[in-house]
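Peer 1: So that you can map any letter, position 212 of the sequence shown is 211 in numbering that gives the first Met the number 0, and since no number is skipped, the others follow by simple counting. Where is the CB? At the ideal position from N, CA and C, for every residue including glycine. Since the structure is predicted, the reported quantities are computational estimates derived from the model, not experimental observations.
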Amino acid sequence: MDCSASTIFCFFLALICSIAAAALFSSYRRRSIYLLDFACFEPPRNYRVPHAAFAEHCHYILARDVADFLIRVLEKSGLGEETALPIGAHYIEPFPVPTIAGSREEAELVIFSAIDDLLRKTGVDPVEIDILVVNSNSFYPAPSLSSMIVNHYGLKSSIRNFSLASMGCSSGPISIGLAKDLLMAAPTAGLALVVSTEIITSPSWYNGKERSMLIPNCLFRLGGAAVFLTSKRSERRRCKYELLHVVRTHLAADDQAYRCLWMEEDDDGKLGISLSKDVVPVASKALELHFNRLGPLVLPWLEKLRYIAYIATKKLGSKGKAPPPPFVPDFRRAFDHFCLHAGGKAVVDGLQRALVLGDKEVEATRMALHRFGNTSSSSVWYGLGYVEAKGRMRKGDRLWQLGLGGGFKCNSAVWRCIRDVDGLHEGGDGGAWKDCIRRYPVKMKAVD
Numbered sequence: 000m001d002c003s004a005s006t007i008f009c010f011f012l013a014l015i016c017s018i019a020a021a022a023l024f025s026s027y028r029r030r031s032i033y034l035l036d037f038a039c040f041e042p043p044r045n046y047r048v049p050h051a052a053f054a055e056h057c058h059y060i061l062a063r064d065v066a067d068f069l070i071r072v073l074e075k076s077g078l079g080e081e082t083a084l085p086i087g088a089h090y091i092e093p094f095p096v097p098t099i100a101g102s103r104e105e106a107e108l109v110i111f112s113a114i115d116d117l118l119r120k121t122g123v124d125p126v127e128i129d130i131l132v133v134n135s136n137s138f139y140p141a142p143s144l145s146s147m148i149v150n151h152y153g154l155k156s157s158i159r160n161f162s163l164a165s166m167g168c169s170s171g172p173i174s175i176g177l178a179k180d181l182l183m184a185a186p187t188a189g190l191a192l193v194v195s196t197e198i199i200t201s202p203s204w205y206n207g208k209e210r211s212m213l214i215p216n217c218l219f220r221l222g223g224a225a226v227f228l229t230s231k232r233s234e235r236r237r238c239k240y241e242l243l244h245v246v247r248t249h250l251a252a253d254d255q256a257y258r259c260l261w262m263e264e265d266d267d268g269k270l271g272i273s274l275s276k277d278v279v280p281v282a283s284k285a286l287e288l289h290f291n292r293l294g295p296l297v298l299p300w301l302e303k304l305r306y307i308a309y310i311a312t313k314k315l316g317s318k319g320k321a322p323p324p325p326f327v328p329d330f331r332r333a334f335d336h337f338c339l340h341a342g343g344k345a346v347v348d349g350l351q352r353a354l355v356l357g358d359k360e361v362e363a364t365r366m367a368l369h370r371f372g373n374t375s376s377s378s379v380w381y382g383l384g385y386v387e388a389k390g391r392m393r394k395g396d397r398l399w400q401l402g403l404g405g406g407f408k409c410n411s412a413v414w415r416c417i418r419d420v421d422g423l424h425e426g427g428d429g430g431a432w433k434d435c436i437r438r439y440p441v442k443m444k445a446v447d
């Protein structure tokens, strides 16, 4: 009897251990991550900065040659007449020095407005949020921006919150990747809030005279986005997209790439961000490396075979012969929609050439730049908002969000649409585009 009892005990112990192991494996296996919805900040009309107002301010504040230079930069930037700057940047004299209080006021306006809109669209109770990730490049107060959100919305004390700073314009996909990893690592956490923004009137807002450091003042504008991610399969029917891939490329080990966007003080001790002439070659190198990593994950087999043939030709080619031209996959075979970093007209033109895309593929990016300006890490969300408001997003479509930024970094998020998304004319929300989408696309002015 003792032997039989021991055998039965061992059997049940093994069975229990097997069930526990299976349950543990099931809880930690790869889970799908879905995008429930997102919202972009729509600046109030009294914050807009027409070109004429920008030019007037430049002539009042700066030397004539510097003012004329900045006006030429703005004319070639691809920005329209309705982009916005915070109220603190509208004053002429004395030229305002950014303060922590002013930066906090801007952060509260942008972040709370975007989150409020997202909560309204989804009906989510803030206490349901398990994970919070915030990225802001140049403004990182204490307490952090994530703590500011926890305080304002009364989020639960067990929330996992993170604030990412100084990660550049490509930090949107970084935040998405972090939220994804946290959702997959914590089976009990089902809802993550991701906030991407750039605070314009941060301590790095430049009010000096160096041309290379004044260029960001011409391009960056008020903006931000709030995104809900979930790992709950029960919420899948409500969600818009499934996250397929997050791919990151970071070249900071290379000195040239590391210093091409550099925060520093000018000769007068005024803080700003300097853009070096190395940005273009560094960005080209980052894109090439990034394509090599992203391509195998998303390209159809025909494009993969073309790439293998290119590598073979490159490696087996005869010595003395010119190397074959760089291989650029046809990403239009992999994606239906492209939301690229709207860093400026030159950036969008460069990406269009590098990716061999047509005007249709970069329309959303150009129009986001024209209407809202360079909104840093949130620009890819304004581009997606444009696609949705136009009623172009349909079930099964694949979307590519591509960000570029200091470090130098190139990051991607790849999504698949899992239900039709209604455009504004179909009864959809329209988001930040609701008051202007009928005027778009606009014809961009040709500037020599």
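Given this structure, state the Cα-to-Cα distance separating PRO322 from ALA308, to the nearest angstrom.
Peer 2: 14 Å
Peer 1: By Cβ distance, which residues of its chain are closer than 6 Å to ASP116, with the 5 residues on each side in sequence left out?
Peer 2: ALA38
Peer 1: Within a Cβ cutoff of 7 Å, which residues of the same chain sit near ALA178, ignoring the five residues on either side of it in sequence?
Peer 2: ILE130, VAL132, ALA191, VAL193 and LEU228
Peer 1: Between PRO42, ARG47, ILE128 and ALA141, which has its C-alpha nearest ILE110's C-alpha?
Peer 2: PRO42
Peer 1: Can you tell me which of the three DSSP states ASP481 falls into?
Peer 2: Residue numbering for the chain in the displayed model covers 0 to 447; residue 481 lies beyond these limits and cannot be assessed.
Peer 1: Note the first and the last residue of the continuous beta strand (DSSP E) segment covering MET212.
Peer 2: No beta strand (DSSP E) holds MET212; the alpha helix (DSSP H) holding it covers 210–218.
Peer 1: At 4 residues or longer, and completely inside the stretch 167–243: list those alpha helix (DSSP H) runs for me, N to C.
Peer 2: The qualifying runs are 170–184 and 210–218.
Peer 1: Can the beta-carbon of SER497 be found closer than 8 Å to that of SER376?
Peer 2: Residue 497 lies beyond the residue range present for the chain, which begins at 0 and ends at 447; the question has no answer from this structure.
Peer 1: Considering SER162, what are the terminal residues of the beta strand (DSSP E) in which it resides?
Peer 2: Residues 159–164.
Peer 1: Quick check: what's the CA-CA separation for GLY384 versus GLY429?
Peer 2: Answer to the nearest angstrom: the Cα atoms are 7 Å apart.
Peer 1: Classify LEU296: buried if its beta carbon has 16 or more other beta carbons within 10 angstroms, exposed otherwise.
Peer 2: exposed
Peer 1: Excluding the five sequence neighbours on either side, which residues of its own chain have a C-beta within less than 7 Å of the C-beta of VAL48, listed in chain order?
Peer 2: Closer than 7 Å at Cβ, skipping near neighbours: THR82, ALA83 and LEU84.
Peer 1: Using three-state DSSP, classify SER273 as helix, strand or coil.
Peer 2: strand
Peer 1: Can you tell me whether DSSP reads ARG391 as helix, strand or coil?
Peer 2: coil
Peer 1: Under a Cβ-count criterion, where at least 16 other Cβ atoms within 10 Å of its own Cβ denotes burial, should ALA406 be classed as buried or exposed?
Peer 2: One point to set straight first is that residue 406 is Gly, not Ala, in the sequence displayed. With 16 or more Cβ atoms within 10 Å of its Cβ, GLY406 is classed as buried.
Peer 1: Comparing alpha-carbon positions, which option in CYS416, SER201 and HIS340 lies nearest ALA100?
Peer 2: Among CYS416, SER201 and HIS340, the Cα nearest to that of ALA100 is on SER201.
Peer 1: Spatial neighbours of PHE219 within its chain, please: C-beta separation below 8 Å, excluding the five flanking residues on both sides.
Peer 2: GLU197, ILE199, GLY372, ASN373, THR374 and SER375
Peer 1: Measuring straight from C-alpha to C-alpha, what distance separates ILE70 and CYS217?
Peer 2: The alpha-carbon separation between ILE70 and CYS217 amounts to approximately 8 Å.
Peer 1: Any idea if ARG437 is buried or exposed, counting beta-carbon neighbours within 10 angstroms, 16 or more meaning buried?
Peer 2: Under the 10 Å beta carbon count, ARG437 is surrounded by fewer than 16 other beta carbons and is classified as exposed.
Peer 1: For THR121, I'd like the list of residues in its chain whose CB is within less than 7 Å of its CB, leaving aside the five on either flank, ordered along the chain.
Peer 2: LEU35, ASP36 and PHE227
Peer 1: Let me make sure I understand the geometry here. Which of GLY207, LEU250 and ILE86 has the alpha-carbon closest to that of MET166?
Peer 2: By alpha-carbon distance to MET166, the top candidate from GLY207, LEU250 and ILE86 is LEU250.
Peer 1: Could you compute how far the alpha carbon of ALA345 sits from the alpha carbon of ALA252?
Peer 2: Going by the C-alpha atoms only, they are around 26 Å apart.
Peer 1: For ILE91, which three-state DSSP category applies?
Peer 2: Correct three-state label for ILE91: coil.
Peer 1: Residues in the same chain with beta-carbon distance under 7 Å from PRO299, minus the five sequence neighbours each way, listed in chain order, please.
Peer 2: ARG332 and ALA333
Peer 1: Report yes if the C-beta distance between CYS168 and GLY343 is below 8 Å; otherwise report no.
Peer 2: no
Peer 1: CA-CA distance, TYR59 and TRP204?
Peer 2: 18 Å
Peer 1: Who are the Cβ neighbours of GLY153 in its own chain at under 8 Å, not counting the five residues just before and after it?
Peer 2: Residues PRO125 and VAL126 of the same chain have their beta carbon placed closer than 8 Å to that of GLY153, with the five preceding and five following residues left out of the count.
Peer 1: Go ahead and label ARG44 buried or exposed: buried means 16 or more other beta carbons lie within 10 angstroms of its beta carbon, across all protein chains shown.
Peer 2: It counts as exposed.
Peer 1: Quick one: any contact between the stretch 418–434 and the stretch 356–365, if contact means 3 or more CB pairs under 8 Å?
Peer 2: no
Peer 1: Less than 6 Å between C-beta atoms, sequence neighbours within five positions excluded: which residues of the same chain meet that for VAL386?
Peer 2: HIS336, ALA363 and MET392
Peer 1: Please name the residue or residues paired with THR248 in a DSSP beta bridge.
Peer 2: For THR248, which the question treats as bridged, DSSP gives the partners CYS409.
Peer 1: On the premise that ASP267 lies in contact with GLY207, defined as a C-beta separation below 8 Å, what is that separation, rounded to the nearest angstrom?
Peer 2: ASP267 and GLY207 do touch by the CB rule: their CB atoms are close to 6 Å apart, below 8 Å.
Peer 1: Rounding to the nearest angstrom, what Cα-Cα distance links ARG237 and MET147 in this structure?
Peer 2: 29 Å
Peer 1: Please determine, among ARG119, SER378, GLU425 and SER195, the residue with the shortest C-alpha to C-alpha distance to LEU144.
Peer 2: SER195
Peer 1: If you run the structure through DSSP and keep just helix, strand and coil, what is SER135?
Peer 2: strand
Peer 1: In angstroms with no decimal places, state the Cα-to-Cα distance between LYS444 and VAL72.
Peer 2: 14 Å
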